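Q: Sharing a structure, written as structure tokens. Questions coming.
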Amino acid sequence: MTKKVISRNNNKLMTETASGRFFYGGTVPVLISGILRDGAGKPVQDCTIQLSAKQTSPTVVVEVTSSTLTGADGHYSIEAEQGYYTVSLLREGFPPSVAGDIYVAPTDAPDTLNAFLDAPKDADLRPEVMKRFEEMVNRVVDLSGATEKDRERAEQAAQSAEQSKDSAVLSATASAESQRQAALSADAADASARSAADNARQTAQDVLASAADADSAAKSAQTATEQAGQAKTAADTAQKAQEEAGVSAQSAAGSAESAAASAQTAGEHAGNAAASETSARESAFTATQAAEQGNNSAAAAALSEQHARESGEKAAKSEAAASASAKSASSSEASALQSAETAENQKNAATESANRAEQARDDALTSRNEAVQAAETAATDAADKAAGKVSDQLKAAVADDTQRAEAAMAGAESAALASQGYRDEARDIAEGLKLGDASTTQKGLVKLSSDDDSDSEALAATPKAVKKVKDLTKLKAPLDSPELTGTPTTPTPPLTVNNQQIVNAEFVHAAVAALVGSSPEALDTLAELANALNNDPNFATTVLNALSGKQPLDGTLTNLSGKDVPGLIQYLGLVETIKLAAGALPTTGGNLLGQLAFLFPATRAEANCLIANGDANGILACQYGYYQDRFDLHFYDEKGAWESNPLAIGRNGNMTVVGNLSGRAVFEGGVRVYSPNNPPPDSYPVGAPIPWPSDTPPARHAIMQGQSFDKSAYPLLAVAYPSGVIPDMRGQTIKGKPDGRAVLSQELDGIKSHDHGATVAATDLGNRDTTGFDYGNKETTGFDYGTKTTDVQGAHAHNYSFLAWQAGWGYPAGNQNMGAVTQTTSTDGAHAHNVYIGAHSHIVGIGAHAHSVYIGAHSHGVTVSPSGHAENTVKNTAFNYIVRLA
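Its first residue numbered 1, the sequence shown is counted upward by one per residue in the UniProt record's numbering.
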């Protein structure tokens, strides 16, 4: 958007925008532009977009409107001042519609109308959302306070490290002083040792007469030597202490610097702990290291001070021992002077004593070296033990500092994680305010509804809808121990059901009616049964009591009493009758054995067959012999009315059946007769392939897929396939066998041999130009041209003029210009030069150019690519070939 300053008014700029509008002030209208589309994504043209001010702003008066018209491509562009606007869409032929409200801020960037309409409004900031934001702000404040405490702990750790540094410096100073005192003590002890050795040697020379005094002097020398070794050991220990103190001082200084740096780093990063988790962790870790180094430095300084103190004590002891040695030597010298008178008499003994003293001196030197080594070993062991004790103390102190540092670091990490979580939650809430309607797949705004019969997934139920549903559920009976009220109904099960179904009144009435219907008519009610029993509730007891003690009425019963079944039959005279009835047909029916013959008289005669259900009235169930020369079967109902004549058998064996035949075999003229109820057997011979439209074969059939079969179980199939293997017919077709080909032989894919012709016409392609291309500059290969010699040229001569008098030749009197002479120099100057050319290359410009190539008339070889399927096929429908197993 372009603009230019027109004038200044009241210290405000009056600016003209690209649209020709003028405005005052330091802000610039926000450009709202884009393409207006309908629901199908098509541009909406000739639509007026109108912005109506909802309230007065610094630059816009309420109810003032501005508008723009969309173009043929749906594009719109309008500039809006700061303020609240209602967006309306006006189209010819359509009622005006309000798209929504927007707020334009002076800091907004140019955007589409959709973006401004989709931005969160003040109404979107519901109380629960604002409350959530306030909780997040309070949580961030609490985390900031915790971070400030962590920073204070880091500063305290830095101060402790600084104090450790000061203590280490003091320890180093004390150690240096101890080293200096130890060095002085060592020098004094060394001088004392040398003096004692000199006195011992002098004593040995002077006291040659006294072996005892010589031995005493030797012992004194040995003692002095041992003290000198101890003094040297003390000096070495002091030197080591000084070195350790120096190292401790350097370590303490480095620890102090690291602690100061870590404190500064912790202070800088503590304020940003919520947003910089990594920096807080590094600061805490650095502070922990600094505290640990400071504790180590302090412990090392204390150890150095202790070593220095021990060195001073050893030096003092060495000095005292050296003084005692000197006194002992003086005493020895006095004794030697006193015994000088006897020295001459004991000269030989003194010489021998001197030899022993010399040997004692050598032994003393050896002992001194061993003592020095032993002292070094003892000092090392003592130092290790002391270091172990100090190390335990340091470990405890460092563990305490480490725990505090880890706690601070954990607090910082927790604060950072919590801050990040609240930040993400705030972002989610802010993003959620920008979303549209919520659905089952995305977040967004949900519309409330009080409908209890809606199946929408875009609405949320209100408490009113929930209450209505709960009120309806109160009218329902529970699953466990329901108490039904009103008039509940259930399905009526049949009387044959014998399970735990709920029965209703209709079922009970039907059951009672069935019970009554199964009883005799005279006893089908409870009243009739009671009357029959004389209304005696104890009828059985009454009858038994009446029969008890009764005797037979006559002698017949007495004779029958106690007899078995054969005896009773013999008593009744029925033995022969039973024998005659043994081969008779029972009245209830049975099977007749042997042949039966029917005799048809010449005249028609009727013969009755069975009596229906033993009817006493003689109603016929069937009848034969109604027609002459044939056997007819007639059926009558229970009232004697004729019903049907389903079967008629003639004398010649013909049979007429009225109605459907049963599934049994029926023959006519010795040939089987088939019907729908008596279908013919399978017409396919065993072994013949049968097309079957299913992957599941019927019973006693198998899909032909090259499998073996048991020839003993299926002998008929073995006749067709003696090999015991069913052919594999998957993907195969059946072909009539030509002459000369074996049955069941297989023929592979093949097509009839044929040729294809292919020609390519010769074409004169003429001359063709290649495309132009700039090859640029090309560099030749380097080559050493060596040294070259120029040809011998350059010989030349010069003419020069001079006056004769100048050459001393004289000139005419009175005229010095006379006598001019011209001479020529000799021809010289021919020469040559050796020129070194050397290895070099040249840049050659080829430039853009093209080539003309003659192609000429020619022909090409053509390769015909294969086509088609992997095998020869025709239009087909896939069936499974099955075979009957028999």
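Yeah, the Cβ is synthetic: ideal placement off N, Cα and C, and Gly gets one too. Here the structure is a predicted model, which is why all the values come from computation and not from measurement.
In the DSSP output, what is E79 paired with across the bridge?
A: In the sequence shown, counting from the first residue as 1, residue 79 sits at position 79. Paired residue(s): L31.
Q: Whose C-beta lies closer than 7 Å to the C-beta of V446 among residues of the same chain, with five residues either side of it excluded?
A: Taking the sequence shown and counting its residues from 1, the one referred to as residue 446 is at position 446. Only A438 and A460 meet the Cβ criterion.
Q: Hey, Y85 and D101 are a contact pair by Cβ (cut 8 Å); roughly how many whole angstroms apart?
A: Sequence index remark: in the sequence shown, residue 85 carries index 85 (1-based). Sequence index remark: in the sequence shown, residue 101 carries index 101 (1-based). Right, their Cβ atoms sit about 7 Å apart.
Q: Report the three-state DSSP secondary structure of A648 (helix, strand or coil).
A: As a first step, residue 648 must be located in the sequence shown, where it is residue number 648. Collapsing the DSSP output to three states places A648 in a strand.
Q: Can you list, in chain order, the residues of its chain whose CB lies under 8 Å from that of A477, leaving out five sequence neighbours each side?
A: Numbered from 1 along the sequence shown, position 477 holds the residue referred to as residue 477. Excluding residues within five positions, the ones whose Cβ falls inside 8 Å are E483 and L484.
Q: Which partner residues does T824 have in the DSSP bridge list?
A: Sequence index remark: in the sequence shown, residue 824 carries index 824 (1-based). Note: T824 sits in a beta bridge opposite N799.
Q: Which residues bound the beta strand (DSSP E) around L117?
A: Taking the sequence shown and counting its residues from 1, the one referred to as residue 117 is at position 117. Where L117 is concerned, there is no enclosing beta strand (DSSP E), although the alpha helix (DSSP H) it sits in stretches over L113 to D118.
Q: Where does the unbroken alpha helix (DSSP H) through V469 begin, and where does it stop?
A: Within the sequence shown, residue 469 is the residue found at index 469, counting from 1. That run of the alpha helix (DSSP H) goes P463 to K474.
Q: Evaluate F773 with the Cβ neighbour count: other Cβ atoms within 10 Å of its Cβ, from every protein chain shown; 16 or more gives buried, anything less gives exposed.
A: Within the sequence shown, the letter at position 773 stands for residue 773. Exposed is the call here.
Q: DSSP has L459 in a bridge; who is on the other side?
A: The residue labelled residue 459 in the question sits at position 459 within the sequence shown. L459 is bridged to K447.
Q: Just the C-alpha distance for I837 and I843, rounded to the nearest angstrom, thanks.
A: Position 837 of the sequence shown holds residue 837. Position 843 of the sequence shown holds residue 843. Computed Cα separation, rounded: 17 Å.
Q: Quick one: Cα of A109 to Cα of I32, how far?
A: If you number the sequence shown from 1, residue 109 lands on position 109. If you number the sequence shown from 1, residue 32 lands on position 32. Near 9 Å, if we compare the C-alpha coordinates of I32 and A109.
Q: Check this for me: beta carbons of E92 and D46, under 8 Å apart or not?
A: Taking the sequence shown and counting its residues from 1, one reaches residue 92 at position 92. Taking the sequence shown and counting its residues from 1, one reaches residue 46 at position 46. For E92 and D46, yes; Cβs fall inside 8 Å.
Q: With a threshold of 7 Å on Cβ separation, who are the neighbours of Q793 within its own chain once the five nearest residues in sequence on each side are excluded?
A: Numbered from 1 along the sequence shown, position 793 holds the residue referred to as residue 793. Once the five neighbours on either side are set aside, the close Cβ partners of Q793 are A830.
Q: Is it buried or exposed, I726, if we count other Cβ atoms within 10 angstroms and call 16 or more buried?
A: Position 726 of the sequence shown, counting from 1, holds the residue named residue 726. Answer is buried; the Cβ neighbour count reaches 16.
Q: Taking the alpha-carbon positions, what's the A728 to G740 distance?
A: Within the sequence shown, residue 728 is the residue found at index 728, counting from 1. Within the sequence shown, residue 740 is the residue found at index 740, counting from 1. Note that residue 728 is Asp in the sequence shown here, rather than Ala. Those two C-alpha atoms are separated by around 22 Å.
Q: Select from V28, S826 and L765 the residue whose C-alpha is nearest the C-alpha of V853.
A: By one-based count along the sequence shown, residue 853 stands at place 853. The shortest Cα separation from V853 among V28, S826 and L765 belongs to L765.
Q: Any idea if L448 is buried or exposed, counting beta-carbon neighbours within 10 angstroms, 16 or more meaning buried?
A: Stepping through the sequence shown from its first residue, residue 448 is reached at position 448. Exposed, because fewer than 16 other Cβ atoms sit within 10 Å of the Cβ of L448.
Q: Ignore the nearest five residues each way along the sequence and tell me which others in N272's own chain have a CB closer than 6 Å to its CB.
A: Position 272 of the sequence shown, counted from the first residue, corresponds to residue 272. Reliability fails at N272, whose pLDDT of 48 lies under 50, so the model's placement of it is uncertain and the value that follows must be treated cautiously. No residues qualify anywhere along the chain.
Q: Measure from the alpha carbon of L36 to the alpha carbon of each residue in H851, H75 and E643, then state which is nearest.
A: Indexing the sequence shown from 1 puts residue 36 at position 36. It is H75.
Q: What would DSSP say about N777, mapped onto helix, strand or coil?
A: The count along the sequence shown starts at 1 and reaches residue 777 at position 777. Looking at N777 - three-state DSSP - the assignment turns out to be strand.
Q: Once DSSP output is grouped into helix, strand and coil, what is the label at A605?
A: Walking along the sequence shown from the start, residue 605 turns up at place 605. Here the model assigns A605 a pLDDT of 44, short of 50, so the residue's position is not dependable and the matter cannot be decided.
Q: Which same chain residues, not among the five before or five after V743, have their C-beta less than 7 Å away from its C-beta?
A: On the sequence shown, position 743 is the one that residue 743 refers to. Within the same chain, V743 has close Cβ partners K737.
Q: Does DSSP classify D764 as helix, strand or coil?
A: Reading the sequence shown from its first residue, position 764 is the one you call residue 764. If DSSP states are grouped into helix, strand and coil, D764 belongs with the strands.
Q: Considering only the beta carbon of each residue, do K470 and D452 sit closer than 8 Å?
A: The residue labelled residue 470 in the question sits at position 470 within the sequence shown. The residue labelled residue 452 in the question sits at position 452 within the sequence shown. Against a cut-off of 8 Å, the Cβ pair of D452 and K470 comes out as no contact.
Q: What number of angstroms, rounded off, separates the C-alpha of V466 from the C-alpha of T440?
A: The residue you call residue 466 lines up with position 466 of the sequence shown. The residue you call residue 440 lines up with position 440 of the sequence shown. C-alpha separation (whole angstroms): 20 Å.
Q: Compute the Euclidean distance between the alpha carbons of residue 892 and T68, then round it to the nearest angstrom.
A: It is not possible to answer for residue 892, since the shown part of the chain is limited to 1 through 886.
Q: In whole angstroms, give me the CA-to-CA distance for E277 and S414.
A: By one-based count along the sequence shown, residue 277 stands at place 277. By one-based count along the sequence shown, residue 414 stands at place 414. Caution applies to E277, whose pLDDT of 44 falls short of 50 and renders its modelled position unreliable; the model cannot decide the point.
Q: Quick check: F507 and W692, are their CB atoms within less than 8 Å of each other?
A: If you number the sequence shown from 1, residue 507 lands on position 507. If you number the sequence shown from 1, residue 692 lands on position 692. No.
Q: If I follow the unbroken beta strand (DSSP E) through L51, where does it start and stop?
A: For this step, residue 51 is matched to residue 51 along the sequence shown. Taken as a continuous stretch (DSSP letters only), the beta strand (DSSP E) holding L51 covers T48 to A53.
Q: Let me confirm a value: H634 is counted as buried when at least 16 other C-beta atoms fall within 10 Å, else exposed. Which label applies?
A: Residue numbering aside, residue 634 sits at position 634 when the sequence shown is read from its first letter. By the neighbour-count rule (16 or more Cβ atoms within 10 Å), H634 is buried.
Q: Do residue 887 and A80 have their C-beta atoms closer together than 8 Å?
A: Residue numbering for the chain in the displayed model covers 1 to 886; residue 887 lies beyond these limits and cannot be assessed.
Q: Should G486 go down as buried or exposed, given a rule of 16 or more other Cβ atoms within 10 Å for buried?
A: On the sequence shown, position 486 is the one that residue 486 refers to. Result: exposed.
Q: I need the straight-line Cα distance from V673 to G653, nearest angstrom please.
A: Residue mapping note: residue 673 aligns to position 673 of the sequence shown, counting from 1. Residue mapping note: residue 653 aligns to position 653 of the sequence shown, counting from 1. Between V673 and G653, the C-alpha separation is close to 15 Å.
Q: Taking just the CA atoms, how far does H756 sit from G687?
A: Counted from its first residue, the sequence shown places residue 687 at position 687. Counted from its first residue, the sequence shown places residue 756 at position 756. Cα-Cα distance, rounded: 44 Å.
Q: Pull up the DSSP beta-bridge partners for S548, would you.
A: Counted from its first residue, the sequence shown places residue 548 at position 548. Answer by DSSP bridge pairing: none, since S548 is not bridged.
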